[in-house]
Amino acid sequence: MSPVLAGVLQLLALVVALGLSYRPLGDHMARVYSSERHLRPERWIYRAIGANPSVEMRWPAYLRGVLAFSTVSVLFLYLLQRVQGALPGSLGFVSIDPDQAFNTAASFVANTNWQSYYGEQAMGHVVQTGGLAVQNFVSAAVGMAVAVALVRGFARSRTGELGNFWADLVRGVVRILLPMAVIGALVLVACGAIQNFSGIHEVGQFGGGTQQWNGGAVASQEVIKELGTNGGGYFNANSAHPFENPNGLSNLFEIYLILVIPFALTRTFGRMVGSLKQGYAILGTMAVIWIGFTALMMWTEFAGRGPAFELAGGAMEGKETRFGIAGSSLFSVATTLTSTGAVNSFHSSYTGFGGGITMLGMQLGEIAPGGVGSGLYGMLIMAVIAVFIAGLMVGRTPEYLGKKIGTREIKFAACYILVTPALVLCFTAASFVLDTPSNSMTNSGAHGFSEILYAFTSGANNNGSAFAGLNADTQWFNSTIGIAMLLGRFLPMVFVLALAGSLAEQTPVPETAGTLRTEKPLFTGLLVGTIMIIAGLTYFPALALGPLAEGLAA
Numbered sequence: 305m306s307p308v309l310a311g312v313l314q315l316l317a318l319v320v321a322l323g324l325s326y327r328p329l330g331d332h333m334a335r336v337y338s339s340e341r342h343l344r345p346e347r348w349i350y351r352a353i354g355a356n357p358s359v360e361m362r363w364p365a366y367l368r369g370v371l372a373f374s375t376v377s378v379l380f381l382y383l384l385q386r387v388q389g390a391l392p393g394s395l396g397f398v399s400i401d402p403d404q405a406f407n408t409a410a411s412f413v414a415n416t417n418w419q420s421y422y423g424e425q426a427m428g429h430v431v432q433t434g435g436l437a438v439q440n441f442v443s444a445a446v447g448m449a450v451a452v453a454l455v456r457g458f459a460r461s462r463t464g465e466l467g468n469f470w471a472d473l474v475r476g477v478v479r480i481l482l483p484m485a486v487i488g489a490l491v492l493v494a495c496g497a498i499q500n501f502s503g504i505h506e507v508g509q510f511g512g513g514t515q516q517w518n519g520g521a522v523a524s525q526e527v528i529k530e531l532g533t534n535g536g537g538y539f540n541a542n543s544a545h546p547f548e549n550p551n552g553l554s555n556l557f558e559i560y561l562i563l564v565i566p567f568a569l570t571r572t573f574g575r576m577v578g579s580l581k582q583g584y585a586i587l588g589t590m591a592v593i594w595i596g597f598t599a600l601m602m603w604t605e606f607a608g609r610g611p612a613f614e615l616a617g618g619a620m621e622g623k624e625t626r627f628g629i630a631g632s633s634l635f636s637v638a639t640t641l642t643s644t645g646a647v648n649s650f651h652s653s654y655t656g657f658g659g660g661i662t663m664l665g666m667q668l669g670e671i672a673p674g675g676v677g678s679g680l681y682g683m684l685i686m687a688v689i690a691v692f693i694a695g696l697m698v699g700r701t702p703e704y705l706g707k708k709i710g711t712r713e714i715k716f717a718a719c720y721i722l723v724t725p726a727l728v729l730c731f732t733a734a735s736f737v738l739d740t741p742s743n744s745m746t747n748s749g750a751h752g753f754s755e756i757l758y759a760f761t762s763g764a765n766n767n768g769s770a771f772a773g774l775n776a777d778t779q780w781f782n783s784t785i786g787i788a789m790l791l792g793r794f795l796p797m798v799f800v801l802a803l804a805g806s807l808a809e810q811t812p813v814p815e816t817a818g819t820l821r822t823e824k825p826l827f828t829g830l831l832v833g834t835i836m837i838i839a840g841l842t843y844f845p846a847l848a849l850g851p852l853a854e855g856l857a858a
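Read left to right, the sequence shown gives residues 305 to 858 (the working numbering).
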């Protein structure tokens with residue numbers, strides 16, 4: 305079987321698996337977030353944290369809950385790393401330095417999971433399982449809660465109430481993420497991923513010498529890092545490491561985990577707003593971009609020409625032979641079009657255009673299908689922009705799902721789409737003005753520029769993957785990327801919740817003959833075009849200096 309055919313078959317198998325999961329998972333999540341019943345374990349949690357899950361919140365109160373919970377999470381994870389040397393199960397590792405502890409705490413709470421350290425050489429069992437793995441669950445649940453709050457803003461009228469943050473947070477963990485993670489972990493263990501609390505082992509190498517490996521609760525952390533679109537990794541090699549991702553089957557399963565909840569949330573959206581067709585329109589937009597990027601990535605990587613590519617059997621530099629070009633391309637597109645950041649190959653070693661595709665996937669806003677929760681609310685923001693543009697073209701007040709998109713709403717949407725590019729481009733520019741950051745580049749020229757552009761694109765978009773050639777373990781990058789991750793996560797949430805509150809207060813507008821049919825394929829095409837134009841106008845100059853210049857020079 306040719307590698308290209310194998311790649312096509314893997315893609316088809318992935319589409320079938322996602323299609324079979326779409327309806328039951330989407331409907332289940334809609335029931336979870338619409339239920340008025342509280343499970344007994346959930347009531348225990350509410351009593352422990354002193355929350356009343358039955359009290360409805362307006363958007364400022366909902367936002368205060370998000371920020372308060374996330375602030376406490378950052379402080380807890382920071383302190384846990386700072387005292388690691390005194391904790392049991394530390395494997396002899398010392399406490400983490402302040403700047404790196406801040407960067408890691410910000411990273412995992414912001415659902416970014418950017419790592420400027422070697423996981424197997426820095427973090428013990430307690431920090432990995434009690435700190436990082438816990439944040440993989442709750443940071444994903446925060447994103448889902450904010451997405452559901454925005455959906456309620458569209459679904460409700462003449463009220464500013466968006467639900468209860470604490471109830472949404474707890475339900476997301478207990479009823480959705482935890483059961484799926486348990487099943488997924490068993491599948492990964494069956495595939496060969498490790499799951500233990502063993503210490504450091506010294507293993508003999510072929511040809512002489514030894515190498516040290518430590519065990520860990522890898523399968524359980526691997527499954528939630530993919531399922532919650534977190535990223536990061538127990539080991540520095542991430543999902544390229546055989547302990548995390550042993551074979552082609554586990555690789556395809558991990559890609560499935562990355563995509564299943566973000567895609568299924570579109571059906572949850574359709575259920576909650578009372579129109580499955582609206583959910584299908586959003587799904588269609590996500591699917592068109594995802595399939596298009598996947599096809600383009602496979603073409604660029606399989607089309608590598610020259611003696612080096614021919615000797616290696618293709619563009620295999622930085623890729624695992626057990627996954628090949630197809631499995632690596634599928635994974636890289638899935639991880640950069642979502643906020644996952646896990647990698648099974650090194651994006652820095654991709655062809656010039658291939659590296660550019662991974663970067664552009666993040667620069668779209670990671671909305672196809674995007675992160676858990678963040679992908680849906682990001683796509684709905686783009687839908688608001690699209691109907692506003694359509695309204696300008698026909699001279700009619702724009703409406704979406706029966707809600708008028710006025711001056712206030714479009715200001716919130718505009719602020720949302722401007723925050724992340726401002727962080728990316730300003731921090732990238734500052735890094736080239738100063739001497740120390742630019743000295744961290746392994747490469748010069750266009751590829752060196754791409755290393756820093758990719759780092760801040762990944763951090764501000766809460767992705768977490770890296771070009772791998774950049775030494776980011778410096779005070780400058782630990783601090784600035786940490787700031788970019790926090791602002792890139794929580795500032796957009798402010799505008800999302802403010803928009804949700806504004807929409808929930810409106811009286812529904814009756815549908816007329818002049819209403820834009822946002823459930824039709826025409827709107828899907830308009831939405832795809834809007835997304836690509838906004839990203840292109842924002843990032844094209846920077847992309848031209850980096851991956852485009854490198855690709856054209858190859």
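Backbone N, C-alpha and C define an ideal beta-carbon position, used for all residues, glycine too.
Item                                                                                                                                                                     : Value
Quick check on P328: buried or exposed, where buried means 16 or more other Cβ atoms within 10 Å of its Cβ?                                                              : exposed
Taking the C-alpha atoms as reference points, what is the distance between A449 and Q810?                                                                                : 21 angstroms
If you check the beta carbons only, do A750 and G677 fall under 8 angstroms apart?                                                                                       : no
Less than 8 angstroms separating the beta-carbons of N765 and N648?                                                                                                      : no
Can you tell me whether Q388 is buried or exposed, with buried defined as 16 or more other CB within 10 angstroms of its CB?                                             : buried
Could you give the distance in angstroms between the alpha-carbon of V798 and the alpha-carbon of T625?                                                                  : 44 angstroms
Using 8 angstroms as the threshold, is the stretch 513-533 in touch with the stretch 450-470, meaning 3 or more CB pairs across them?                                    : no
Straight-line CA distance for F539 to L343?                                                                                                                              : 36 angstroms
Pull the bridge partners of I671 from the DSSP assignment, please.                                                                                                       : Partner(s): none; I671 has no beta bridge.
Spell out whether any CB of chain C is found under 8 angstroms from the CB atom of T655.                                                                                 : Of the chains in the structure shown, none is chain C; there is only one protein chain.
What's the call for S339, buried or exposed, on a 16-neighbour Cβ count within 10 Å?                                                                                     : exposed
Rounding to the nearest angstrom, what Cα-Cα distance links N775 and Y350 in this structure?                                                                             : 43 angstroms
Tell me, which residues are paired with N542 by DSSP?                                                                                                                    : Partner(s): none; N542 has no beta bridge.
Rounded to whole angstroms, what's the CA-CA distance from A848 to L664? Just pull it up for me.                                                                         : 12 angstroms
Should G578 be listed as close to the ligand FAD, given that the test is whether its C-beta is under 7 angstroms from any heavy atom?                                    : Absence of the ligand FAD from the depicted structure is noted, as is the absence of any ligand whatsoever, leaving it without description.
Residue ranges of each alpha helix (DSSP H) run of no fewer than 4 residues wholly in the stretch 386-434, ordered along the chain?                                      : 402-413, 423-426
Which whole-angstrom value is the C-beta distance of I586 and M484, which I expect to be below 8 angstroms?                                                              : That pair is no contact at about 22 angstroms.
Can you tell me whether T514 is helix, strand or coil according to DSSP?                                                                                                 : strand
On the DSSP letters alone, give me the boundaries of the alpha helix (DSSP H) that R712 sits inside.                                                                     : 711-737
Sort out for me which residues DSSP pairs I708 with in a bridge.                                                                                                         : For the sequence presented, residue 708 should be read as Lys rather than Ile. DSSP output for K708 lists E703 as bridge partner(s).
Skipping 5 residues on each side, what residues in its chain have a beta carbon closer than 8 angstroms to that of P345?                                                 : V478
Run through the DSSP bridge pairs and tell me what L774 is partnered with.                                                                                               : M745
Considering only residues of the same chain and omitting the five flanking positions on each side of Q582, which have a CB-CB separation below 8 angstroms?              : F573, G574, L705, T822, E823
Please confirm whether A523 and F501 have their CB atoms less than 8 angstroms apart.                                                                                    : no
Where does G640 land, buried or exposed, given buried means 16+ other C-beta within 10 angstroms?                                                                        : Note on identity: in this sequence residue 640 is Thr, with Gly being the wrong assignment. Flag for T640 reads buried.
Which of helix, strand or coil does DSSP assign to I498?                                                                                                                 : coil
Three or more C-beta pairs under 8 angstroms: does that hold for the stretch 542-559 against the stretch 426-444?                                                        : no
Taking its Cβ as the centre, do 16 or more other Cβ atoms sit within 10 Å of S861, making it buried, or is it exposed?                                                   : A question about residue 861 goes unanswered here, because the residues of the chain that appear run from 305 up to 858.
Measuring CA to CA, which of N743, Y337, L820, K715 is closest to I480?                                                                                                  : Y337
Using only the alpha-carbon positions, how far apart do I671 and V507 sit?                                                                                               : 43 angstroms
Do L322 and L563 have their C-beta atoms within less than 8 angstroms of each other?                                                                                     : yes
Cβ atoms of F412 and A374: under 8 angstroms apart, would you say?                                                                                                       : According to the sequence provided, residue 374 is Ser. The question's Ala does not apply to it. Their beta carbons are not under 8 angstroms apart, which means S374 does not touch F412 by this criterion.
What residue does the alpha helix (DSSP H) around T828 start on, and which one ends it?                                                                                  : 825-849
Which of the three DSSP states is assigned to R341 in this structure?                                                                                                    : coil
Strictly by DSSP, which residues pair up with K623?                                                                                                                      : S649
So, for S633: in the same chain, excluding its five sequence neighbours on each side, which residues have a beta-carbon less than 6 angstroms away from its beta-carbon? : M601, M602, E605
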